[in-house]
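Scroll down for the structure; my scribbles are underneath it.
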C-alpha cells in the first residue's frame, strides 16, 4: 500500500533493545498536536526547547504516567525532515517505547516505513540524494573508515566535488 507523505508519522528512532534512553520521533503537520495529546499538555511545546514531562497512558487510568520524558519540538522547516518534528526521549525500555508509538498512532500518527524520515528530508530539500544514501551508509558502517566516508558524503563533500566537475565541464562546453 502506498504511503502518504503529507501525514504525520511515528517510529522508534533508537536501536532495538534496552538502554538508558530511547527516542520516539514524530514528523508531519500534526506532530506537535500528537505530542501534546501524549503529554497531556494544554500549552504548546516551545520550539527547540527541551521540555520535561510525564508521558500519560489513558489505559492505565486517569493521570497515570507511562514514563518521564523530555520532548523537543523542531518547527518546520528547521528540522531534519523539513516538517514539524517532535522527539520524545524516554527510558530505553522496549515495551515503554512501543507503547509511546501505539499512543501516538491512537492520537493520529501512522507508523513510519523504514527510511521514511530520510525520504521526507530528501523530498523537502534538506538532503540531496547522495546525502540521503550517506545516512544509510553511516547507519550500516562497521569500521571507523566506513563511518568517516559516510559522514564526509553526508556533509556534502561528494556533492561539492560533483558540482566542481559539473562547473568545469560546463565551462569547457
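In our numbering, the protein residues as written are 22 to 194.
Every residue gets a Cβ at the ideal spot worked out from N, C-alpha and C, and that includes glycine.
Check, Outcome
"State the start and end residues of the unbroken beta strand (DSSP E) segment that holds residue 44.", "40 to 48"
"For residue 118, does the three-state DSSP call read helix, strand or coil?", "helix"
"Any chance the region 60 to 74 sits against the region 129 to 140, with 3 or more Cβ pairs inside 8 Å?", "no"
"On the DSSP bridge list, what partners appear for residue 160?", "Paired residues: none, contrary to the question."
"Using 8 Å as the threshold, is the C-beta distance between residue 96 and residue 88 below it?", "no"
"Work out the CA separation of residue 120 and residue 148 for me, nearest whole Å.", "31 Å"
"Around the Cβ of residue 81, are there at least 16 other Cβ atoms within 10 angstroms (buried) or fewer (exposed)?", "exposed"
"Can you give me the start and stop residues for the beta strand (DSSP E) that residue 110 sits inside?", "106 to 113"
"Could you tell me which residues DSSP puts in a beta bridge with residue 89?", "75"
"Could you check which residue in 188, 152, 85, 169 has the C-alpha nearest to that of residue 175?", "152"
"Based on DSSP bridge pairs, tell me the residues matched to residue 65.", "DSSP output for residue 65 lists no bridge partner at all."
"For the pair the region 52 to 62 and the region 155 to 172, tell me if three or more CB-CB distances fall below 8 Å.", "no"
"Report the residue from 186, 126, 77 whose alpha carbon sits nearest the alpha carbon of residue 28.", "126"
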